[in-house]
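One structure is given here, and the rest of the page talks about it.
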Amino acid sequence: MKVLFCSSEVFPFAKTGGLADVCGTLPPEIAQCGAEVKVIMPLYREVRKKTKNLEEIDETVSRAMLSDDVEILFVRNDDYYDRAGLYGDENGDFPDNLMRFQFFNRQVLKTLKMLDWQADIIHCHDWHAALIPVYLKTKHKDDKFFRDTKTVLTIHNLAFQGLFPKDQYPLLGLPDDLYSEEGFQYYDQINLLKAGIIYSDEVTTVSPQYATEIQTEEYGCGLDGVIQKYRKGVVGILNGLDYHYWNPAKDPFIAKHYDRDSVISGKAETKAVLQREMGLPVDIDRPVFGYVGRLSHQKGMDLVVDALSALQGDDVQVVIQGLGTQQYQDELSELRNEMPDRLGICFSYNERLAHTIYAGSDWFLMPSNFEPCGLAQMISMHYGTPPIVYRTGGLADTVESFQLDEANGNGLVFQEYTTDALLQAVRLAEEIFRDKRQYFSLVANAMHTLFPWRESAMKYFELYRCLRLESQEV
Ligand code: GLC
């Protein structure tokens, strides 16, 4: 079986978020299941800078290896992709993004023909690749080359849909009647993800809980009705974690390596380093609450900021790393002035510090308002840092709340998206932390919780197999 992954970002070539991690790690796992896998993405400037063995196939496409058995192809168009950012610059999104991504989608199909590589499955990720199913079912409807090709569209975050002004519709090169309720039209705009949802053969998302949520008005971002009308359902397959990279026993970024047997001393040493680096008093007895991620509403920063004001009297420390809106940065800077021995902040992404926060904190804060899957909670658990999460999406699927005096649970889950509920969870965390027997049994549970990619890859593989059978039956 031949499978082509199409994504705008793939780690380690280009990354702005979790999408890149998934598209960098999942394809080799699918190859391990027995498929022949290729990946394709745009040839951004940073790809060219970073990739040593980039080989030009012709002037439109280059290639390199993602892993021993997975090749990655790069669609070239220097006018579109040879820029500093992936999607925009300091002035916002690039105004020609529709042009840039429709080009990418069309080139994907052209490249397959040029290479004479007949994919059984084209696995499209997010709105950047959502046009491929549409082109296949319209422009290439009678094209023998793609007769047996099926498409899967994976939604990594329904909040990003690829919206463009309707007067740009002719750029897509599609019949006028596709700009309608049954196609691209979304209120008065073009919506690429909507069309992808309607035209792909299967729609999946990155956790079972989020698959259910996006069919409701609360989480559907205006597309719940479309999903209900055009799909029998959405398949939820949980992302995994790359345990070769995220491993406290080998992590080159942390002060002291540790595993389940040496977690107490390992974390203690790393915690001291973290406190020192963040300009906080080194104190093993004060619980440190860590945060790594974008400073955004999605990630629950509004709750964190509110909760911090209320925590001024508590004997805790909070460390935060991430980039975000100016408003959150200003609010946090002000809070740091008010509580300099309790709050440490770093407004940029630094890989070493991120690892130190995962390892050296006693608790990990991740009160996302919505979270399709989430990676940080999986990482923190593996580093023995129990996460505190709101019960939503992938967080609900991966974190089970710890109950005092009971053996189960790998973190703390609060049920209502309010500052009070978060504060209650933080105060419970302080109490658990004081009782070291309870705390370290929770830490052990967290470290035992694994999300191997292999299991998820097998689910995708099975889904591809079913689709392929369908195309053979026709
Ligand atoms: C998006 C989602 C995140 C998910 C990631 C990878 O970034 O917001 O929850 O883990 O995609 O699927």
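For the sequence shown, the positions run 136 to 609 when my numbering is used. Note that the Cβ used here is the ideal one computed from N, Cα and C, for glycine as well.
Practice problem: Would you mind listing the alpha helix (DSSP H) stretches within the stretch 509-591 that are 4+ residues and don't spill past its ends, in chain order? | Solution: Taken in chain order, the complete alpha helix (DSSP H) segments of 4 or more residues contained in the stretch 509-591 are 511-517, 528-533, 554-569 and 571-583.
Quiz item: Hey, is the stretch 537-555 in contact with the stretch 458-467, meaning 3+ C-beta pairs nearer than 8 Å?
Solution: No: fewer than three Cβ pairs fall under 8 Å.
Quiz item: Heavy atom of ligand 1 less than 8 Å from the Cβ of Q344, yes or no?
Solution: For Q344, the Cβ stays outside the 8 Å cut-off from all heavy atoms of ligand 1.
Exercise. Can you say whether A531 is buried or exposed, counting buried as having 16 or more other CB atoms within 10 angstroms of its CB?
Key: Around the CB of A531, 16 or more other CB atoms lie within 10 Å, so the residue is classed as buried.
Quiz item: F299 bridges to which residues according to DSSP?
Solution: Beta-bridge analysis with DSSP links F299 to I325.
Exercise. Kindly give me the distance between the Cβ atoms of G435 and S503, rounded to whole angstroms, as I take these residues to be in contact under 8 Å.
Key: Between S503 and G435 the Cβ distance is about 5 Å, and since that is below 8 Å, they are a contact.
Quiz item: Taking C-alpha atoms, which residue in G448, E412, D420 and G457 lies nearest to S431?
Solution: The shortest C-alpha to C-alpha distance from S431 to any of G448, E412, D420 and G457 is the one to G457.
Quiz item: Rounded to the nearest angstrom, how far is the Cβ of P268 from that of Y334, given a contact under 8 Å?
Solution: Rounded to the nearest angstrom, the Cβ distance from P268 to Y334 is 4 Å, consistent with a contact under 8 Å.
Quiz prompt | Cβ neighbour criterion (16 or more within 10 Å) applied to M249 | solution = Exposed, because fewer than 16 other Cβ atoms sit within 10 Å of the Cβ of M249.
Quiz item: Quick one, are the C-beta atoms of W252 and K367 less than 9 Å apart?
Solution: Going by C-beta atoms, W252 is not nearer than 9 Å to K367.
Quiz item: Under the criterion of a Cβ to heavy atom distance below 8 Å, does N504 qualify as lining ligand 1?
Solution: Not one heavy atom of ligand 1 is found less than 8 Å from the C-beta of N504.
Quiz item: Exposed or buried, which one is R569 when buried takes at least 16 other CB atoms within 10 Å?
Solution: Under this definition R569 is an exposed residue.
Quiz item: Where does W381 fall in DSSP's three states?
Solution: Three-state DSSP puts W381 in coil, outside helix and strand.
Quiz item: In chain order, what residues of the same chain lie with their CB nearer than 8 Å to the CB of A445, ignoring the 5 residues before and after it?
Solution: Hits under 8 Å: T554 and L558.
Practice problem: Taking only runs that begin and end inside the stretch 193-224, name each unbroken beta strand (DSSP E) of 3 or more residues, in chain order. | Solution: 196-202 and 205-210, all fully within the stretch 193-224.
Self-check item: Contact set for H263: own chain, Cβ-Cβ below 6 Å, skip 5 residues either direction
Solution: Here the set comprises S143 and F236.
Exercise. On a CA-only basis, which of M501, V454, T347 and L510 is nearest S483? Give me that one, please.
Key: If we check each option's Cα against that of S483, V454 comes out closest.
Quiz item: Just how far apart, CA to CA, sit V172 and I399?
Solution: Cα-Cα distance, rounded: 42 Å.
Quiz item: If you run the structure through DSSP and keep just helix, strand and coil, what is C601?
Solution: In this structure, C601 counts as helix in the three-state DSSP scheme.
Quiz item: Any Cβ of chain D within less than 9 Å of the Cβ of I389?
Solution: The structure shown has no chain D; it contains just one protein chain.
Quiz item: Would you say L510 touches ligand 1, meaning its beta carbon is less than 8 Å from a heavy atom?
Solution: Taking 8 Å as the cut-off, one finds at least one heavy atom of ligand 1 near enough to the beta carbon of L510.
Quiz item: Is the Cβ-Cβ distance between A148 and V196 less than 9 Å?
Solution: Inspection of the sequence shows that residue 148 is occupied by Phe rather than by Ala. It is not a contact, given that the beta carbons lie outside the stated cut-off.
Self-check item: Contacts around C356, its chain only, beta-carbon distance under 8 Å, and the 5 residues preceding and following it disregarded
Solution: Hits under 8 Å: L293, A294, Q296 and I349.
Quiz prompt | Inter-residue spacing [alpha-carbon to alpha-carbon] between A403 and R211 | solution = So the alpha carbons of these two residues sit roughly 49 Å apart.
Quiz prompt | Other residues of its chain near D323: CB distance less than 8 Å, five sequence neighbours each side excluded | solution = When the five nearest sequence neighbours on each side are left out, the beta carbons in the same chain lying within less than 8 Å of the beta carbon of D323 are those of K301, in order along the chain.
Practice problem: State the beta-bridge partners of C610 as determined by DSSP. | Solution: The structure shown has nothing for residue 610, since the chain only spans 136 to 609.
Quiz item: What first and last residue would you give for the alpha helix (DSSP H) that runs through I362?
Solution: Element bounds for I362: D359 to Y365.
Quiz item: Considering only residues of the same chain and omitting the five flanking positions on each side of V510, which have a CB-CB separation below 8 Å?
Solution: Here residue 510 turns out to be Leu, not Val, going by the sequence shown. These residues qualify, in order along the chain: G153, D156, N374 and L376.
Quiz item: Relative to ligand 1, is the shortest distance from any of its heavy atoms to the C-beta of G99 smaller than 8 Å?
Solution: Examination of residue 99 is not possible in this model, given that the chain is present from 136 through 609 alone.
Self-check item: DSSP-derived helix/strand/coil call for L415
Solution: Note: L415 maps to coil in three-state DSSP.
Exercise. Confirm, please, whether the CB-CB distance from Q447 to R421 is below 9 Å.
Key: No, they are not a contact pair.
Self-check item: Contact check, V369 vs C508, beta carbons under 9 Å
Solution: Cβ atoms of V369 and C508: not closer than 9 Å.
Quiz prompt | Cα-Cα separation, V361 to E337 | solution = Approximately 14 Å, taken between the alpha carbons.
Exercise. State buried or exposed for S496, treating a residue as buried only when at least 16 other CB atoms are found within 10 Å of its CB.
Key: By the 10 Å Cβ count, S496 comes out buried.
Quiz item: Is the beta carbon of V341 within less than 8 Å of some heavy atom of ligand 1?
Solution: Yes - ligand 1 has a heavy atom lying nearer than 8 Å to the Cβ of V341.
Practice problem: Can you give me the start and stop residues for the beta strand (DSSP E) that G479 sits inside? | Solution: Counting along the chain, the beta strand (DSSP E) containing G479 begins and ends at L478 to C481.
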